[in-house]
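*Asks:* Would you mind keeping the following structure in view while I ask a few things?
Chains as they are written, first to last, in this note's numbering: chain A, 226 to 393; chain B, 226 to 393.
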């Protein structure tokens with residue numbers, strides 16, 4: 226396959242491929258370095274969600290703290306950096322929940338999900354191109370927002386449903 | 226924003242944007258027509274999963290029946306067409322579960338999730354560039370595959386966790 230586009234966040238490869246089973250097809254694949262997302266859970270069970278403008282949808286989207294894995298970083302290192310940058314916290318306990326594939330039909334991104342607890346203040350260094358509001362939310366209220374279609378982000382829905390299972 | 230790439234499945238727009246709150250940033254956005262995914266549930270509670278090769282990851286991925294919304298289709302019409310094309314079934318009952326956003330940071334795709342029950346045979350017309358294996362799977366076994374990291378697809382994980390909530 227040939228790289229047909231190179232941007233700051235992803236590149237695109239395109240080509241005619243022959244797949245197992247004999248299928249021959251043109252595929253356009255988005256190449257992405259991978260992401261991490263963190264479900265921060267307070268001692269009282271509230272979860273920390275962020276709200277930010279997403280240009281792709283032209284609206285505010287409620288999500289977990291999350292971001293791209295930088296070159297040379299492990300997913301856990303990226304998770305610790307993103308939690309510090311986006312909400313100004315460190316966490317004593319990190320638990321890997323799942324790794325999910327957001328769009329397997331055309332994109333190679335993976336998102337590794339962590340659950341973080343035991344917070345301590347750390348220096349917040351938001352990206353200059355991000356403006357983020359932080360909201361501590363009871364789990365039940367967050368799940369209501371999912372049911373109402375007001376939380377739609379896939380990684381956030383997965384993490385909240387997993388947290389519900391754990392709480393039951 | 227300017228279209229900088231146009232492919233069969235998505236296109237890309239790029240540009241310097243000024244967002245609410247005053248952030249100015251270059252954004253690359255993948256424009257996609259939207260997708261649907263269907264959780265087919267048999268009377269005995271087994272769910273129907275499919276297994277197909279995904280070029281983006283170079284491996285077989287277990288997913289729900291799913292696909293793109295064609296021009297002029299509603300999400301429900303697309304769901305009915307995809308269920309027929311991918312597994313050769315019609316369904317009497319369709320329930321909309323959620324709409325999820327797979328990658329809000331750089332892609333405008335939405336995935337509308339349905340739960341389908343009450344099946345009847347229909348004509349299977351797979352796309353010539355798809356080769357699909359169908360597997361009827363008890364819900365508990367499917368959730369075990371999620372916990373083991375063998376089901377990673379985001380829409381599939383969401384639908385299975387919702388089905389577990391309903392079964393509890």
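From the three backbone atoms N, C-alpha and C, an ideal C-beta is built for every residue, glycine too.
1) Residues bridged to residue 346 of chain A by DSSP?
2) Using beta-carbon positions only, say whether residue 263 of chain B and residue 358 of chain B come within less than 8 Å of one another.
3) Tell me, please, which residues DSSP counts as bridged to residue 277 of chain A.
4) Kindly confirm or deny that the segment 288 to 296 of chain A and the segment 256 to 272 of chain A touch, where touching means at least three C-beta pairs closer than 8 Å.
5) Please confirm whether residue 349 of chain A has its beta-carbon closer than 8 Å to some beta-carbon of chain B.
6) Three Cβ pairs or more, each shorter than 8 Å: is that satisfied between the segment 323 to 333 of chain A and the segment 266 to 285 of chain B?
7) Note down, in chain order, every chain A residue with its Cβ under 8 Å from the Cβ of residue 294 of chain B.
8) Checking contacts by CB at 8 Å: is residue 281 of chain A closer than that to chain B?
9) Can you tell me where the beta strand (DSSP E) with residue 243 of chain A in it begins and where it stops?
10) Would you list the residues sitting across from residue 383 of chain B in a DSSP beta bridge?
11) Using CA coordinates, which residue listed in A:371, A:365, A:369 is at the minimum distance from residue 270 of chain A?
12) Where does residue 371 of chain B sit, in a helix, a strand or coil, going by DSSP?
13) Under the rule that 16 or more other beta-carbon atoms within 10 Å means buried, what is residue 307 of chain B, buried or exposed?
14) What does residue 330 of chain A pair with, by DSSP beta-bridge criteria?
15) If residue 325 of chain B and residue 382 of chain A are in contact, beta carbons under 8 Å, what's the gap, nearest whole angstrom?
16) Helix, strand or coil for residue 252 of chain B? Go by DSSP, reduced to three states.
17) By how many angstroms is the C-alpha of residue 371 of chain A removed from the C-alpha of residue 387 of chain B?
18) Find the residues of chain A that neighbour residue 250 of chain B, judging by a C-beta separation of less than 7 Å, and give them in chain order.
19) At the level of alpha carbons, what is the spacing between residue 296 of chain B and residue 319 of chain B?
20) Is there a Cβ of chain B sitting closer than 8 Å to that of residue 246 of chain A, yes or no?
*Replies:* Let's see:
1) A:314
2) Here residue 263 of chain B is not near residue 358 of chain B, since their CB atoms are 8 Å or more apart.
3) According to the DSSP secondary-structure assignment, residue 277 of chain A is paired through a beta bridge with A:286, A:357.
4) yes
5) Interface criterion not met: the Cβ of residue 349 of chain A is under 8 Å from no Cβ in chain B.
6) Enough Cβ pairs lie closer than 8 Å, so yes.
7) Correct list: empty, because the minimum Cβ distance to chain A is about 13 Å.
8) It does: the Cβ of residue 281 of chain A has a partner Cβ on chain B nearer than 8 Å.
9) 236 to 243
10) In DSSP, residue 383 of chain B forms no bridge with anything.
11) A:365
12) helix
13) buried
14) Looking at the DSSP assignment, residue 330 of chain A forms no beta bridge with any residue, so it has no partner.
15) About 6 Å separates the two Cβ atoms, so the contact holds.
16) Annotated three-state conformation of residue 252 of chain B is strand, per DSSP.
17) Residue 387 of chain B and residue 371 of chain A: Cα-Cα distance of roughly 11 Å.
18) 354, listed in chain order.
19) 21 Å
20) yes
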